[in-house]
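Visitor: For the sequence shown, my numbering begins at 2 and goes up steadily by one.
Every residue gets a Cβ at the ideal spot worked out from N, C-alpha and C, and that includes glycine.
Here's a structure for you.
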Amino acid sequence: MEVLESSVEGYLVRQVAKELRGEAKKFVGYRGWPDRIIVLPFGITDWVECKKPKGGVYKPLQLRCHARLRAMGHNVFVILTRTQVDKYIDDARRRISAIQLSSK
2 MEVLESSVEG
12 YLVRQVAKEL
22 RGEAKKFVGY
32 RGWPDRIIVL
42 PFGITDWVEC
52 KKPKGGVYKP
62 LQLRCHARLR
72 AMGHNVFVIL
82 TRTQVDKYID
92 DARRRISAIQ
102 LSSK
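Shown next as structure tokens:
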């Protein structure tokens with residue numbers, strides 16, 4: 002059974018809210034930009050592109066946009082599966098903890 006991109010994206014939105022107390026906003030209206038902007042506690046902002054696990058095709062404009070965002074110091078994540086969502090959540094949790102510890 003093929004996993005749909007929308008299924009992985011929905012899981013991302015739910016996990017960001019539940020596990021990180023953040024928001025995963027749909028970013029629309031700009032071609033090539035990542036699908037979601039993730040807003041987390043302590044001023045952490047990530048860009049996330051969701052693609053279906055098999056056959057998800059990157060357009061050249063998307064690749065250029067991702068590279069441009071990274072060059073400006075932004076975090077850009079490409080997520081294909083629920084397992085990668087879980088890894089993203091763990092990574093974000095570590096970054097939030099590091100900020101919490103440094104602010105004490």
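Let's see if you can read the secondary structure: which residues bound the alpha helix (DSSP H) around residue 87?
Guide: First-last of the alpha helix (DSSP H) with residue 87: 83-103.
Visitor: Based on Cα-Cα distance, which residue from 70, 67, 12 lies nearest to residue 53?
Guide: Comparing Cα positions, the closest option is 12.
Visitor: Does DSSP classify residue 43 as helix, strand or coil?
Guide: Here residue 43 sits in helix by DSSP.
Visitor: With DSSP as the reference, label residue 60 as helix, strand or coil.
Guide: Coil at residue 60, not helix or strand.
Visitor: Give the secondary structure of residue 19 by DSSP, where H, G and I count as helix, E and B as strand, and everything else as coil.
Guide: Three-state result, residue 19: helix.
Visitor: CB residue 58 to CB residue 80, shorter than 8 Å?
Guide: Contact flag unset, no.
Visitor: Would you check if the segment 12-25 and the segment 87-96 touch, i.e. whether three or more CB-CB distances between them fall below 8 Å?
Guide: In short, these stretches touch, since the Cβ pair count reaches three.
Visitor: Which residue comes first and which comes last in the beta strand (DSSP E) that contains residue 79?
Guide: Residue 79 -> beta strand (DSSP E) spans 76-80.
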